[in-house]
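Undergrad:
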Amino acid sequence: MATDITTAPASTGGCPVDHGQFGAASHDASGYTAENHYGYEPFDMTDPFPSYERLRKNAPVHFDERIGYWVVTRYDDVKAVFDDWETFSSENAQAPIRPRSEGAKKIMEEGGFTAYSGLSARVPPEHTRIRAIAQRAFTPRRFKVLEPTIRENTIAALDAMLASPDGTGDFLTDVAYDIPTITILTLLGVDPAMVPTYKRWSDSRAAMTWGDLTDDEQLPHARNLVEYWQECIQLVVKAHRDGGDSLVSDLVRSQEGGAEISDHEIASLCYSLLFAGHETTTTLIANSARVLLSHRAQWERLLEDQKLIPGAIDEVLRYSGSILAWRRRALTDAEIGGVAVPKGADILLVMGSANRDEAVFDKPDEFDITRPDARSHLSFGYGIHYCLGNQLAKLQAKIVLEETIARAPQLRLVEGAEIAFGENLSFRAPTSVPVTWKA
Numbered sequence: 001m002a003t004d005i006t007t008a009p010a011s012t013g014g015c016p017v018d019h020g021q022f023g024a025a026s027h028d029a030s031g032y033t034a035e036n037h038y039g040y041e042p043f044d045m046t047d048p049f050p051s052y053e054r055l056r057k058n059a060p061v062h063f064d065e066r067i068g069y070w071v072v073t074r075y076d077d078v079k080a081v082f083d084d085w086e087t088f089s090s091e092n093a094q095a096p097i098r099p100r101s102e103g104a105k106k107i108m109e110e111g112g113f114t115a116y117s118g119l120s121a122r123v124p125p126e127h128t129r130i131r132a133i134a135q136r137a138f139t140p141r142r143f144k145v146l147e148p149t150i151r152e153n154t155i156a157a158l159d160a161m162l163a164s165p166d167g168t169g170d171f172l173t174d175v176a177y178d179i180p181t182i183t184i185l186t187l188l189g190v191d192p193a194m195v196p197t198y199k200r201w202s203d204s205r206a207a208m209t210w211g212d213l214t215d216d217e218q219l220p221h222a223r224n225l226v227e228y229w230q231e232c233i234q235l236v237v238k239a240h241r242d243g244g245d246s247l248v249s250d251l252v253r254s255q256e257g258g259a260e261i262s263d264h265e266i267a268s269l270c271y272s273l274l275f276a277g278h279e280t281t282t283t284l285i286a287n288s289a290r291v292l293l294s295h296r297a298q299w300e301r302l303l304e305d306q307k308l309i310p311g312a313i314d315e316v317l318r319y320s321g322s323i324l325a326w327r328r329r330a331l332t333d334a335e336i337g338g339v340a341v342p343k344g345a346d347i348l349l350v351m352g353s354a355n356r357d358e359a360v361f362d363k364p365d366e367f368d369i370t371r372p373d374a375r376s377h378l379s380f381g382y383g384i385h386y387c388l389g390n391q392l393a394k395l396q397a398k399i400v401l402e403e404t405i406a407r408a409p410q411l412r413l414v415e416g417a418e419i420a421f422g423e424n425l426s427f428r429a430p431t432s433v434p435v436t437w438k439a
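Numbering (the numbering used here), first residue to last: 1 to 439.
(1) For Q218, count neighbouring Cβ atoms within 10 angstroms of its own Cβ and tell me buried if that reaches 16, exposed if not.
(2) Let's test the definition: count the other Cβ atoms within 10 Å of the Cβ of P125 and tell me whether it reaches 16, buried, or not, exposed.
(3) Can you check DSSP and say which residues form a bridge with S322?
(4) Buried or exposed: which applies to R205, given that a residue is buried once 16 or more other Cβ atoms fall within 10 Å of its Cβ?
(5) Using three-state DSSP, classify H295 as helix, strand or coil.
(6) My output table needs one value for T168: the three-state DSSP class, helix, strand or coil.
(7) Three Cβ pairs or more, each shorter than 8 angstroms: is that satisfied between the stretch 73-83 and the stretch 376-391?
(8) Please go through the same chain and pick out, in chain order, the residues whose beta-carbon is closer than 6 angstroms to the beta-carbon of P42, but skip the five residues on each side of it.
(9) Thinking C-beta only, is R129 closer than 8 angstroms to L213?
(10) Let me confirm a value: D170 is counted as buried when at least 16 other C-beta atoms fall within 10 Å, else exposed. Which label applies?
(11) Given S249, which residues of its chain have a CB within under 7 angstroms of its CB, disregarding the five upstream and five downstream residues?
(12) Could you give the DSSP three-state label for W70: helix, strand or coil?
(13) Quick one: what does DSSP say T37 is sitting in, helix, strand or coil?
(14) F440 bridges to which residues according to DSSP?
(15) Nearest CA to the CA of R253: which residue from K106, I133, Y40?
(16) Please classify H62: does DSSP put it in a helix, a strand, or coil?
(17) Mapping the DSSP letters down to three states, classify A24 as helix, strand or coil.
(18) Measure the C-alpha to C-alpha separation of P372 and G111 and round it to an integer number of angstroms.
(19) Got a sec? Which residues, its chain only, sit under 6 angstroms from P180 by beta carbon, not counting five neighbours each side?
(20) Please go through the same chain and pick out, in chain order, the residues whose beta-carbon is closer than 8 angstroms to the beta-carbon of R54, but skip the five residues on each side of it.
(21) Please classify P430 as buried or exposed, where buried requires at least 16 neighbouring CB atoms within 10 angstroms.
(22) What residues in its chain sit with their C-beta under 6 angstroms from that of S26, if we drop five residues either side in the sequence?
(23) When you compare each of L274, M108, E260, A156 to H127 by their alpha carbons, which one comes out closest?
(24) If the criterion is Cβ atoms closer than 8 angstroms, does the pair N355 and V316 meet it?
(25) Name the two residues that bound the continuous alpha helix (DSSP H) containing P434.
(26) Quick one: is L303 buried, meaning 16 or more other Cβ sit within 10 Å of its Cβ, or exposed?
(27) Looking at the strands, I want to know which residues DSSP matches up with R407.
(28) Taking DSSP as the reference, what is the three-state secondary structure of I336?
(29) How many angstroms separate the CA atom of L331 from the CA atom of L349?
(30) Between which residues of its own chain and K394 is the CB-CB distance below 6 angstroms, once the five residues before and five after are set aside?
(31) Take L185 and list the residues in its own chain whose beta-carbon comes closer than 6 angstroms to its own, dropping the five residues that flank it on each side.
(32) Should the stretch 402-413 be regarded as contacting the stretch 151-158, the criterion being three or more beta carbon pairs within less than 8 angstroms?
(33) Is L349 helix, strand or coil by DSSP?
(34) F427 bridges to which residues according to DSSP?
(35) Run through DSSP, which three-state label would R122 get?
(36) What is the DSSP secondary structure of F143, reduced to helix, strand or coil?
Shown next as structure tokens:
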């Protein structure tokens, strides 16, 4: 039987409850209160895991009036929602957390911004059609062609960092920052010299979609998104005109050969891939170094046996994934973990909590690169929207770890350095990873 934790009405924007319904002493059936939230702060990515544990135990499915989302924290519940796309739609996956200001909307409308999700926010049958076409272009052959370039870029970045005379560097900015961006730009046929520009655009996309911006703060980001979208349109135009050997050209050729995909849909795929294809991979690479070096015994095991690298990457994804939460919307009255959720409800699936669910993973707060079930993590999602680029992300992380072990086995985190994480609802990305190789 469902437990009706709150009678919050459905909403597609803004907070769907009267904030006054929760007082300092008011609470739902689990003891969850507006005052304490069990320590959970939706936008704080510094160390959310203790609050996740408290939510799993006390309020595994609850409505958070601060963000207007039902928050789901247990593994089985998160996985079940991902798997039931007919009940829980992905249509809100790319919707702005905070409504766009009138000024931002004006900039984007006048700039011709009509970008839509490549795949993550689309639903069947549209999603099924586009993903099947994209899957044919996103092939292992393309990954194999990219591998030498990824390795060359990794070696160059590491050598440049290790040449620093003071024996210190930042693994995020010196190594992890550019490699995935160059990789995805090369995949899409874009000049790698545009890395800084695409990084600027990607930062704006993250801020506008998952951030907590004021109306005025949105304006420069809105201008960047207009530039970003116009560039994606031009990539498709160029592929039609010049052909070439890129994923965009493959999609255009598929279209010309009869595949049912429009130029706008191809441009939207570019819009998504140019962000998702590097942003989360940069974070995966940075987190791999950060977590492994902070667990020295695990790093030493990798030095002794590099065959453990694939498992280590999956354990990093479980223990400290790039994306900690993703979104869905209930298309009908439903239940999640026995809790009644109304039609139209926005749902936040906290994979970062699910990946540390003690009901699934033994000693989940311990980092263990030999963990036998690490691949069961939900950091790439689950079901029909499972991350299309997961193998490319893992390949890049693997190459970076191999070359780092070869060139800097003595690498370690700078002692006493505090690593901060940017504030947003979904992405847990370190702002720096200070390292040293001094004796």
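For glycine and all other residues, C-beta sits at the position ideal for the given N, C-alpha and C. Given the structure is predicted, the values throughout are model-derived calculations rather than measurements.
TA: On the basis of the data shown:
(1) buried
(2) exposed
(3) DSSP output for S322 lists no bridge partner at all.
(4) buried
(5) coil
(6) strand
(7) yes
(8) I67, L425
(9) no
(10) buried
(11) G189, A239, G243
(12) strand
(13) It is His, not Thr, that sits at residue 37 in the sequence shown. Helix at H37.
(14) The structure shown has nothing for residue 440, since the chain only spans 1 to 439.
(15) I133
(16) strand
(17) Legend: pLDDT at A24 = 29, less than 50; position of this residue unreliable, no value from coordinates given.
(18) 50 angstroms
(19) H278, T281, T282, Q396
(20) Y38, G39, Y40
(21) buried
(22) At S26 the pLDDT is 35, less than 50, meaning the model places this residue with poor confidence and gives no usable figure here.
(23) E260
(24) no
(25) Here P434 belongs to no alpha helix (DSSP H); instead the beta strand (DSSP E) covers 434-436.
(26) exposed
(27) R407 pairs with nothing; no bridge assigned.
(28) strand
(29) 16 angstroms
(30) I313
(31) P192
(32) yes
(33) strand
(34) I323
(35) coil
(36) helix
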